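Here the sequence shown stands for residues -26 to -1, 1 to 138, numbered as in mature numbering (1 follows the signal peptide of the UniProt record, and there is no 0).
Note that CB positions come from ideal geometry on N, CA and C, so glycine has one too.
It should be emphasised that the depicted structure is a prediction, and the values quoted were computed from it without experimental measurement.
The structure under discussion appears below in the form of structure tokens.
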Amino acid sequence: MTLTKTVLRGASLTAAFALFASTAFANDILTIKGIDKSGQETTQTFTLEDLDTFETTEFSTANDYIETVATFSGPLLRDVIAEYELPEDGTITMTALNDYAINMPIEDIMNYDVILSTRLNGKEMSVREKGPIWVMYPVDDNPELALPSINGRMIWQLDEINVR
């Protein structure tokens, strides 16, 4: 194979990989269902890029699932669900890729900077690394959050939020 063909083949492979990478990251990673403030049943899906359009909150904290303090960043959960009518029972349901689900008190969302962390130490998280979304509480900034019940709400591989 000549040098020109090798370079062109390499360029083609690079272009194909770039196209695959750009479409791979355009996949929906979060679905939110609920009643919006106009009273309509609404389902929204978000890509990582969609979540990145929200203001980013970043904090460093420890929890029972990591060995050291780490930096988490992503949008505030209360900002992402702002257009929904909050349920009367005072909780929302969050479900992971493996169908693990928790009920989170709305009080937590409003009183603390709970984030939908899309990055750990500045890097996007794979499913293997508890991503692409890991719900994170600012435990180190709020010692009252250092409870097993709060650790149980730090759902990783978040896939769906039900605001009903």
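Best match in 106, 89, 121 for proximity to residue 131 [C-alpha to C-alpha]: 106
Does residue 12 pass the burial test, meaning 16 or more other C-beta atoms within 10 Å, or should it be called exposed? exposed
Taking DSSP as the reference, what is the three-state secondary structure of residue 94? strand
Where the beta strand (DSSP E) through residue 136 begins and ends: 132 to 137
Residues of its chain near residue 68, where Cβ-Cβ distance is below 7 Å and the 5 sequence neighbours each way are ignored: 75, 76, 78, 109, 129, 132, 135
Who are the near neighbours of residue 137 in its chain, counting only those whose CB is closer than 6 Å to its CB and skipping five residues on each side? 8, 55, 58, 66
With a Cβ-Cβ cutoff of 8 Å, do residue 48 and residue 4 count as a contact? no
Name the two residues that bound the continuous beta strand (DSSP E) containing residue 49. 44 to 49
Separation of residue 45 from residue 14, as counted between CA atoms: 37 Å
Residue span of the alpha helix (DSSP H) that contains residue 157, given as start and end: Here the chain comprises residues numbered -26 to 138, so residue 157 is not present and cannot be evaluated.
Are there 16 or more other CB atoms within 10 angstroms of the CB of residue 99, so buried, or fewer, so exposed? buried
Find the nearest neighbour of residue 115 within the set 127, 86, 93, judged by alpha-carbon distance. 86
How long is the line joining the alpha carbons of residue 1 and residue 28, rounded to whole angstroms? 17 Å
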